[in-house]
Amino acid sequence: MRRISFYLFITGIIVFSLHLYHETNKEIKLIHNKSEYLINNGLITVTSYNIQYGRGQDQKIDLQRTIETLQSVEANIISLQEVERNSYRSNFTDQIRVLAEELNMNAFFTPSLAYPGLYYGNAVLTYFPIVETKTVTFKNKIENRTALVIELQVTEDQTIHVINTHLGLNRDERANAIEQIYEKIKTIDGPILLTGDLNSVPSDQEYQIWNDHLTKSNEGIPFQTYYSEDWQIDYIFHSSDFLVNDVEVIESEASDHYPVTARMVLSR
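Residue numbers (numbering that gives the first Met the number 0): 0 to 267.
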């Protein structure tokens, strides 16, 4: 009897794990806000933030700190990396749902890594209506990566594209991903924002390709975006359709990365 109960218990765990994998290992779009457009050529405030699944510099998981940090920047577009859904190391919290609800923003999430008990990827939260979403997947030997491409309706007659990615630690894999993103950028007609944790500093060779098509929002202003090293590896790039008013980095302890925020206006 005990053996039967044990087998039933194990079977239940397997069935539940497969169900969780099926439900979590997929794109998800959440609509929490009514359509909001820019008013009188208002500011577009963009934040890029690797939240490290809510794990702060004290190594404690506290998604509330992440929420408070994001609330403080008052962005209408937020690109996030290392967002987890129903994962063991972040207490099985569906982080994108919690963030979207707490910030009252629309959201799109796409997974990059999916194993039983560990699901994480990239997300964009926004007050603007979501028009279309796509995911570009980079197959790697070490760890698959993705780029999330989202089209947003910022005015009644104007859309923009936001690309959010988290590139890997291997230089060759980064170079391959950058080439694929660059090819995607060339097919987009209209304003573009490229955001994310690129795991490259401005002096890296593979970094230079971004300069052929886009402009770094903090051009000429050195930033540190990783808490323990004097590195900038988190960026907001933009096409020539934008004029940047200011850029800032908030030294929050909610993650091992600092959020980068750029305030800009559309010039077209």
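Cβ coordinates follow ideal geometry from the N, Cα and C atoms, glycine included.
By a C-beta neighbour count over all protein chains shown, 10 Å radius and 16 as the cutoff for buried, is residue i buried or exposed?
i, result
"residue 67", "exposed"
"residue 81", "buried"
"residue 91", "exposed"
"residue 172", "buried"
"residue 119", "buried"
"residue 189", "exposed"
"residue 167", "buried"
"residue 242", "exposed"
"residue 258", "buried"
"residue 114", "exposed"
"residue 58", "exposed"
"residue 251", "buried"
"residue 200", "exposed"
"residue 83", "buried"
"residue 198", "buried"
Does residue i come out as helix, strand or coil in the three-state DSSP assignment?
i, result
"residue 72", "helix"
"residue 60", "strand"
"residue 97", "helix"
"residue 20", "In this predicted model, residue 20 has a pLDDT of only 45, less than 50, meaning its place in the structure is not dependable; the value taken from the coordinates is given anyway. Residue 20: helix per DSSP, three-state reduction."
"residue 65", "helix"
"residue 102", "helix"
"residue 266", "coil"
Which residue's Cα is closest to the Cα of residue i: the options?
i, options, result
"residue 207", "249, 159, 181 and 124", "181"
"residue 235", "250, 225 and 218", "218"
"residue 150", "128, 171, 83 and 114", "128"
"residue 139", "126, 169 and 163", "169"
"residue 29", "46, 47, 109 and 195", "109"
"residue 130", "249, 36 and 238", "36"
"residue 143", "176, 124 and 160", "176"
"residue 157", "214, 71, 240 and 123", "240"
"residue 186", "165, 201, 160 and 196", "160"
"residue 53", "46, 213 and 62", "62"
"residue 212", "204, 153, 89 and 192", "192"
"residue 49", "247, 204 and 195", "195"
"residue 123", "137, 141 and 145", "145"
"residue 231", "202, 245 and 209", "202"
"residue 174", "205, 95, 164 and 154", "205"
Report the partner residues of residue i according to the DSSP bridge assignment.
i, result
"residue 36", "Per DSSP, none; premise fails for residue 36."
"residue 256", "225"
"residue 83", "119"
"residue 49", "80"
"residue 135", "146"
"residue 114", "117"
"residue 107", "28 and 123"
"residue 44", "262"
Contiguous beta strand (DSSP E) assignments of at least 3 residues, all confined to the stretch 145-184: Counting whole runs of 3 or more residues, the stretch 145-184 contains the beta strand (DSSP E) stretches 157-165.
Complete runs of the beta strand (DSSP E) confined to the stretch 175-250 [at least 3 residues]: Taking only runs of at least 3 residues, the beta strand (DSSP E) segments lying wholly in the stretch 175-250 are 191-196, 233-237 and 241-248.
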